[in-house]
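The structure under discussion appears below in the form of structure tokens.
Protein chains: 2
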Amino acid sequence: MARRPTSFDIAQLAGVSQPTVSRALRGSKSVNAQTRQRIEAIARSLHYAVDKHASSLRSQSANTLALLFFEEPAEDESTINPFFLSMLGSITHACARAGYDLLISFQQLSGDWHVDYQDSRKADGIILLGYGDYEAYRARLDHLTEQGTKVVRWGAVGTGPAGITVGSDNRGGGEAATAHLIARGRRRIAFLGAADGRYPELEDRYRGYLDALVAAGLTADAALQVDAITTEDAGRDAIAELARRGADYDAIFAASDSIAIGAMRALAAAGQSIPDDVAIVGFDDIASAQLTNPPLTTVTQDARRAGEALVRTLLAKLRGEVSDDPPLPTRLVIRASSGA
Amino acid sequence: MARRPTSFDIAQLAGVSQPTVSRALRGSKSVNAQTRQRIEAIARSLHYAVDKHASSLRSQSANTLALLFFEEPAEDESTINPFFLSMLGSITHACARAGYDLLISFQQLSGDWHVDYQDSRKADGIILLGYGDYEAYRARLDHLTEQGTKVVRWGAVGTGPAGITVGSDNRGGGEAATAHLIARGRRRIAFLGAADGRYPELEDRYRGYLDALVAAGLTADAALQVDAITTEDAGRDAIAELARRGADYDAIFAASDSIAIGAMRALAAAGQSIPDDVAIVGFDDIASAQLTNPPLTTVTQDARRAGEALVRTLLAKLRGEVSDDPPLPTRLVIRASSGA
DNA sequence: AAGAGACGAGCATACGTATTCACTGGTTCA
DNA sequence: TGAACCAGTGAATACGTATGCTCGTCTCTT
């Protein structure tokens, strides 16, 4: 097992000095083209690759991004929000294209993740994925920002510090979903999802829901709004809560597909027919949405563009640029759960 | 924005030398307990954390594992095999518990991933996830092994070099699935999935299928075996192929849930009733399996234990130990698709 | 009472790269 | 014809940590 070749080895074989090798391989223009080619050929033949740690230590940049999933404390390890997972592919590819490595980690919102990444120089920038109130981690975020670590997060555009939030047009999506139900003749539309500030994205979807009601001349009924975080259990519980209230409703707009799926199960168990008795629309368009019975009408967020936008924004911040993208468009996908 | 503290800063404040700080923080026993506590207190108050790159460079170990998903060349970025994705959580947590960082990357089986990770010292060990014949990347794997990089992969236990493969009891699972269909009175059971050597795991499931047939005194009919890789499209195509052959079958054992779901769609489109006309059993128990109509009977692989076993095996290899675990047990989950 | 350990800590150095500065020989311009 | 310049390269050094070696001070043994 021969020792790994270093830039000194290449230098010796090429008859140049080590700095020249370093410059040649990094594409510095102050190296003669012939010399560069000779060096590159030798490097290739020796399977030489720059030592990442030495390079990072010297240049003070990790060439690495970190992807942090925030999970609810009580949550099972394996139940990651499917929509976030669907971003994984495009985030990974976008990083690779930019020449960055990607570290991945699951964290409690309340944990010490800020120390781990900033203070140990593991990553140049961090992507935060997870629902949750910005206030809950503002202090940690501030610490990172002060230290110069760049951060972007998926969330409700307009909340949090400027230029760090990338997100979908939740309000527009919520309006489209609700307007669709209204167009199908529904009038008593329940909203399942947090309407308070703890989940700004869900709140925006609720605003869109209200927008649509107003536009149609309908008034919102507080009895038809049930708090639910984005899990199937929450969807199930929400149906129970509606029943407890004796609420009268002919449609549901669920703030996420997971909630919708939980609700559909509970409705089916209660002998309710979908969409005849209750029409339902979700949000996210996770893979499972096509498989429910009936298939779930939902609002698509483009996970690929979302992931790419996150990486693009973060890389821009690393270069010192400010890029404040508008919210990503959403699109209503009509399936059977909202009526024929 | 103050400069990051280094071990020299800590040393000065503690009135000791830099090496002592290093030793104290790494828990070397040759540091006086009081001294250590003093150093630790100072480090904490300064938010000091060991610089990862300097540490890795000096110690020649990255303290990082890499998780490589192999994707089919033609595959869409976003369609990652759901079963592999479900391992992500437990792999990530297992790494974190062991104090390792986790790099993640998607790669073509045929690409240059071996160079990227070994030659640049990015990771101490690599976890390979993806179906595919071992022969297809034997050369790259050999290169890594020669260089001393440790590798484990998810696959068919018994294939590939000793001690690097962690996998489920595919044969046992295949037998259980098929035996279940036989117990339900089915006699003409089709197998959807590769039976040749290209996908050893699927081949093992096929062997289990044959085991069950033999045990029941049935003979396998070659007309009922259709090659299918693990995608929904392949499942759809397989049903078309059976129809083309004019095959007579009353049940299907699909080598993966994705195949099964594709097959179910095709059957439904053809007006066939599940399970009355055709009973069906899948393999993997991905999340979507609960949502199909009817819900899919399938063979569960314990994704959490799988991920943990991969990490445990890899860490053992890093310590120079050899651990050859037996295949992980599988379990039949009976739902409606296989009959009442 | 003297040698042998054990303990605790410092000195020097190595890990492999990137970058600043200085230098050489040739070219250009006034 | 000399001064200013440029392309191309090497020498020296810094990045922050971990570790082998050395050394002094105690304690313990014989």
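Residue numbers (my numbering), protein chains in the order written: chain A, 1 to 340; chain B, 341 to 680. For glycine and all other residues, C-beta sits at the position ideal for the given N, C-alpha and C.
query, result
"Chain B contact for A/M1 (CB, 8 Å cutoff)", "Residue confidence for A/M1 is low, a pLDDT of 46 falling below 50, so the modelled location carries little weight; the figure read from the coordinates is stated next. Cβ-Cβ to chain B under 8 Å: yes for A/M1."
"Cα-Cα separation, A/E40 to B/P422", "40 Å"
"Segments assigned alpha helix (DSSP H), at least 4 residues, entirely inside the stretch 354-412 of chain B", "358-366, 373-385, 392-399"
"Reduced DSSP secondary structure (H/G/I, E/B, other) of B/G647", "helix"
"Assigned exposure category for B/T340 - 16 Cβ within 10 Å defines buried", "Residue 340 of chain B lies beyond the residue range present for chain B, which begins at 341 and ends at 680; the question has no answer from this structure."
"Under 7 Å (Cβ pairs) to chain B, residues found in the stretch 98-119 of chain A", "D101, L102, L103, I104, S105, F106, V115, D119"
"Minimum Cβ-Cβ distance from A/I10 to chain B less than 8 Å", "no"
"Buried/exposed call for A/R58, threshold 16 Cβ in 10 Å", "exposed"
"A/P200 burial status per 10 Å Cβ neighbour count (16 or more: buried)", "buried"
"Helix, strand or coil at A/S273 [DSSP, three-state]", "coil"
"CB contact below 8 Å: B/S508 versus chain A", "no"
"Start and end residues, beta strand (DSSP E) containing A/A279", "279-281"
"Assigned exposure category for B/K657 - 16 Cβ within 10 Å defines buried", "buried"
"Contact the stretch 524-540 of chain B vs the stretch 560-579 of chain B: 3+ CB pairs below 8 Å", "yes"
"Residues near B/K462 by beta carbon distance below 8 Å, same chain, minus five either side", "A402, T404, A406, L443, D456"
"Any chain A beta carbon closer than 8 Å to B/N633", "yes"
"Residues of the stretch 17-50 of chain A with Cβ closer than 8 Å to any Cβ of chain B, in chain order", "H47, Y48, A49, V50"
"Touching by the beta-carbon criterion (3+ pairs, under 8 Å), the stretch 42-55 of chain A and the stretch 263-275 of chain A", "no"
"Neighbour-count burial assignment, A/V214, 16 or more Cβ in a 10 Å radius", "exposed"
"Cα-Cα separation between B/G575 and B/F593, rounded to whole angstroms", "11 Å"
"Distance between beta carbons of A/L144 and A/Q118, contact taken as under 8 Å", "5 Å"
"Residues near A/T297 in its chain [Cβ-Cβ closer than 6 Å; skip 5 each side]", "V281, I334, R335, S337, S338"
"For B/S445, the residue or residues it bridges with in DSSP", "B/L408"
"Within chain A, the residues that B/T432 reaches when beta carbons sit closer than 9 Å", "F69, E77, I104, S105, F106"
"Nonlocal neighbours in the same chain, by C-beta distance under 7 Å from A/I164, ignoring five residues either side", "V151, V152, R153"
"Cross-strand partners of B/L532 (DSSP beta bridge)", "B/V566, B/A594"
"Euclidean distance between Cα positions of A/M1 and A/R205", "Summary for A/M1: the model assigns pLDDT 46, below 50, so the residue's position carries little reliability; its value from the coordinates is reported in the next sentence. Spanning the two alpha carbons is a distance of roughly 59 Å."
"B/D642, buried or exposed, once every other Cβ within 10 Å from all chains shown has been counted against 16", "buried"
"N-terminal and C-terminal residue of the beta strand (DSSP E) that B/R547 is part of", "No beta strand (DSSP E) holds B/R547; the alpha helix (DSSP H) holding it covers 540-555."
"Residue(s) in a DSSP beta bridge with A/D284", "A/T300"
"Same chain, Cβ closer than 8 Å to B/R645, five either side skipped, listed in chain order", "S430, L668"
"Beta carbon proximity, A/G262 to chain B, threshold 8 Å", "no"
"Neighbour flag for A/L218 against chain B, beta carbons, 8 Å", "no"
"8 Å Cβ cutoff, B/K392 in contact with chain A", "yes"
"Extent of the continuous alpha helix (DSSP H) run through B/L582", "572-585"
"Distance between beta carbons of B/E475 and B/Q448, contact taken as under 8 Å", "In fact, because the Cβ distance is near 16 Å, the residues do not count as touching under 8 Å."
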